[in-house]
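K.L.:
What follows is a single structure, and I will ask about it in a moment.
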């Protein structure tokens, strides 16, 4: 069969079944089995699928996924955000927009503890949102900072999406972790700056606490107690990687133990809470891994049939500037991100995009950070950004319309961060080069 | 009769929550222990590395049916949400067929590999040195769990497509 026709069949059928609503994992797996059987190597392709899925799932790097997921599950139900928010409230309450800026800061702190985007969004939606609304903050600004800050979870290390990317691109997960740190902090600072500036321009959006209800220095310092536990978890994970005590994969185990202790100190280890933690972790873990199993099959079909190379050649043959292709990829990510989970986007596009990125001479770590930034946006972009639904889930009184509008400034800010990182790759390389040589 | 089968399958897949939870906890402990043992006593376990990948495999393969039971596999629901009940069921039928293809691969071809390993008596030499067939058995078992759940979903969906009625109500 001609490559063009086969490409159409492979990509077209996936697109069709995805749009119909067939779960991504099974659409990828099922289509690959059918196409592999008829157009590639018959029974051998099925055996290949079986061996391939076993081999992929049992790769050592991937053992980090269930542990980081479990860690996220534990922290999700440990109410850490309460204490953090209290500290923010006492320290930043007196500044216009201070609570909104502080909420972003909590998002970044959570990002350094958990590797997924939805934990901070859900917990801040429960704790920070009602408090800010009570102080007269603009509801759209409130939703915006929670959503944008929460998405930092996948950019600031550790990050589950980064582990999956590292595997797809055959780069070091640790290097990618540190590569994301500075862009992540940059994004957080930009969001905080935005919240404060907009509140100075329009004081009704983020009023400062009245003088009489501000806190004394003693009270301020007392509130820092609540920051200790989260910092401890962050330090345990990141320091164990920094010092070489553990690999990024093993650091996940350190994180699980740390967050478990943390939950214990907070007295959150009741049976009902533990059950919630386990349900969330097991579900998310199963979901991610079956997605990977489907993707293994799909990637094999795309590369083994030669369709991947064919498409890549087709695009590079256009002989346009490589930056045009790179920006084109970002646009494709952005569009897909409005509808599809970033993990699925990564796994669907990697068989075609990754070889092209290398061919065009771009650095896979830097490209990875660009992808992750785009994935952050994907969590926010209407109509189907996942974070929107997470926030709506914990705060059902918000109208979807309002959520859609609340993310616009932050999507633009994320895009600005992407452009900055594109122009200044040193932001990505500086830290990992210092640490890992 | 059918109700009983549905209930049993639901129960089996629901119990994978406990299996998954225990495995995740165990995995974290094994890896944590290895980090400590290597750093402080310079003597990591021989089997830790291998065991942790296998535990990951268990947590992955055995929970496919559980996630399906709760309908939590990621899907694009842009259009799906707006479909009528019957069209939704039709999509579920397609989903069911795809899943069963995957299940056949895992159970039949994965199972064949398990039998072959069993007969040859191969033992792993990568650290966790148990019989290889035990390690590989997570493929057919995981496939079976997913397949059972997919089959009852498929029956329900086909019934709904044909009659427009529900064979049984879903409980959560």
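Residue numbers (my numbering), protein chains in the order written: chain A, 1 to 437; chain B, 1 to 172.
Note that CB positions come from ideal geometry on N, CA and C, so glycine has one too.
From a predicted model like this one, the values you see are computed outputs, not experimental measurements.
Which whole-angstrom value is the C-beta distance of residue 227(A) and residue 240(A), which I expect to be below 8 Å?
P.N.:
No, residue 227(A) and residue 240(A) are not in contact; Cβ-Cβ is about 20 Å, not under 8 Å.
K.L.:
I want to verify the contact list: residues of chain A whose CB lies under 7 Å from the CB of residue 109(B), in sequence order.
P.N.:
46, 47, 50
K.L.:
What are the start and end residues of the alpha helix (DSSP H) that includes residue 81(B)?
P.N.:
Careful: residue 81(B) lies outside any alpha helix (DSSP H) and carries neither H nor E.
K.L.:
Pop quiz: residue 315(A) and residue 325(A) are said to be a contact at Cβ under 8 Å. What is the actual Cβ separation, rounded to whole angstroms?
P.N.:
About 6 Å separates the Cβ atoms of residue 315(A) and residue 325(A), confirming a contact at the 8 Å cut-off.
K.L.:
What does residue 245(A) reach in chain B if we use C-beta pairs closer than 7 Å?
P.N.:
Identification of chain B residues near residue 245(A) by a Cβ-Cβ cut-off of 7 Å yields 35, 39, ordered along the chain.
K.L.:
Count the other C-beta atoms from every protein chain shown that fall within 10 angstroms of the C-beta of residue 178(A), then say buried if there are 16 or more, exposed otherwise.
P.N.:
Around the beta carbon of residue 178(A), 16 or more other beta carbons sit within 10 angstroms, so the residue counts as buried.
K.L.:
Please confirm if residue 95(B) has its CB atom under 8 Å from at least one CB of chain A.
P.N.:
yes
K.L.:
Can you tell me whether DSSP reads residue 123(B) as helix, strand or coil?
P.N.:
Residue 123(B): strand per DSSP, three-state reduction.
K.L.:
By Cβ distance, which residues of its chain are closer than 6 Å to residue 20(B), with the 5 residues on each side in sequence left out?
P.N.:
59, 63
K.L.:
Since residue 78(A) sits in a beta bridge, which residues does DSSP pair it with?
P.N.:
Note: residue 78(A) sits in no beta bridge, so no partner.
K.L.:
Which runs of the alpha helix (DSSP H) spanning at least 4 residues fall entirely within the stretch 200-235 of chain A, listed in chain order?
P.N.:
Those alpha helix (DSSP H) runs which fall completely within the stretch 200-235 of chain A and span 4+ residues are 217-223.
K.L.:
Please determine, among 43(A), 350(A), 274(A), the residue with the shortest C-alpha to C-alpha distance to residue 311(A).
P.N.:
350(A)
K.L.:
Pull the bridge partners of residue 131(A) from the DSSP assignment, please.
P.N.:
Beta-bridge pairing links residue 131(A) to no other residue.
K.L.:
Using the rule of at least 16 other Cβ atoms within 10 Å of the residue's Cβ for burial, across every protein chain shown, is residue 2(A) buried or exposed?
P.N.:
exposed
K.L.:
Skipping 5 residues on each side, what residues in its chain have a beta carbon closer than 7 Å to that of residue 92(B)?
P.N.:
153, 157
K.L.:
Please go through the stretch 269-340 of chain A and give each complete alpha helix (DSSP H) segment of 4 or more residues, from N-terminal end onward.
P.N.:
271-304, 307-316, 322-337
K.L.:
Between residue 113(B) and chain A, is any beta-carbon pair separated by less than 8 Å?
P.N.:
The beta carbon of residue 113(B) sits closer than 8 Å to some beta carbon of chain A.
K.L.:
How about residue 33(A): is its C-beta nearer than 8 Å to some C-beta of chain B?
P.N.:
yes
K.L.:
Judging by CA-CA distance, which residue of 1(B), 9(B), 61(B), 36(B) is the nearest neighbour of residue 24(B)?
P.N.:
Ranked by how close their Cα comes to the Cα of residue 24(B), the residues 1(B), 9(B), 61(B), 36(B) have 61(B) in first place.
K.L.:
Could you check if residue 149(B) is buried or exposed, using at least 16 other CB atoms within 10 Å of its CB as the buried criterion?
P.N.:
buried
K.L.:
Output, in chain order, the set of chain B residues within a Cβ distance shorter than 9 Å of residue 13(A).
P.N.:
Listed along the chain, the chain B residues whose CB falls inside 9 Å of the CB of residue 13(A) amount to none; the nearest CB is some 11 Å away.
K.L.:
Distance check for residue 126(A) and residue 438(A), CA to CA, integer angstroms please.
P.N.:
For chain A, the structure presents residues 1 to 437; residue 438(A) sits outside this window and is missing.
K.L.:
Answer with yes or no whether the minimum CB distance from residue 126(B) to chain A is below 8 Å.
P.N.:
no
K.L.:
So, does the CB of residue 133(B) fall closer than 8 Å to a CB anywhere in chain A?
P.N.:
No, because no Cβ of chain A sits closer than 8 Å to the Cβ of residue 133(B).
K.L.:
Tell me, please, whether the stretch 101-110 of chain B touches the stretch 45-56 of chain A by the rule of three or more beta-carbon pairs shorter than 8 Å.
P.N.:
yes
K.L.:
I want to verify the contact list: residues of chain A whose CB lies under 8 Å from the CB of residue 136(B), in sequence order.
P.N.:
54
K.L.:
Is the distance from the Cβ of residue 297(A) to the Cβ of residue 41(A) below 8 Å?
P.N.:
no
K.L.:
Verify whether the separation of the beta carbon atoms of residue 23(A) and residue 70(B) is less than 8 Å.
P.N.:
No, they are not a contact pair.
K.L.:
Let's test the definition: count the other Cβ atoms within 10 Å of the Cβ of residue 42(B) and tell me whether it reaches 16, buried, or not, exposed.
P.N.:
exposed
K.L.:
Please determine, among 21(A), 336(A), 430(A), the residue with the shortest C-alpha to C-alpha distance to residue 82(B).
P.N.:
21(A)
K.L.:
So, at 6 Å on beta carbons, what are the nonlocal neighbours of residue 223(A) in its own chain, with the 5 sequence-adjacent residues on each side left out?
P.N.:
86, 87, 90
K.L.:
According to DSSP, residue 131(B) sits in a beta bridge with which residue or residues?
P.N.:
123(B)
K.L.:
For the candidate residues 112(A), 117(A), 120(A), 203(A), whose alpha-carbon lies nearest to that of residue 498(A)?
P.N.:
Nothing can be reported for residue 498(A), as the shown portion of chain A is limited to 1 through 437.
K.L.:
Could you round the C-beta distance between residue 428(A) and residue 421(A) to whole angstroms and report it? I think they count as a contact, below 8 Å.
P.N.:
6 Å
K.L.:
Would you say the stretch 26-37 of chain B touches the stretch 3-11 of chain B, given that touching needs at least three Cβ pairs under 8 Å?
P.N.:
no
K.L.:
For residue 347(A), report the span of its alpha helix (DSSP H) as first-last.
P.N.:
342-359
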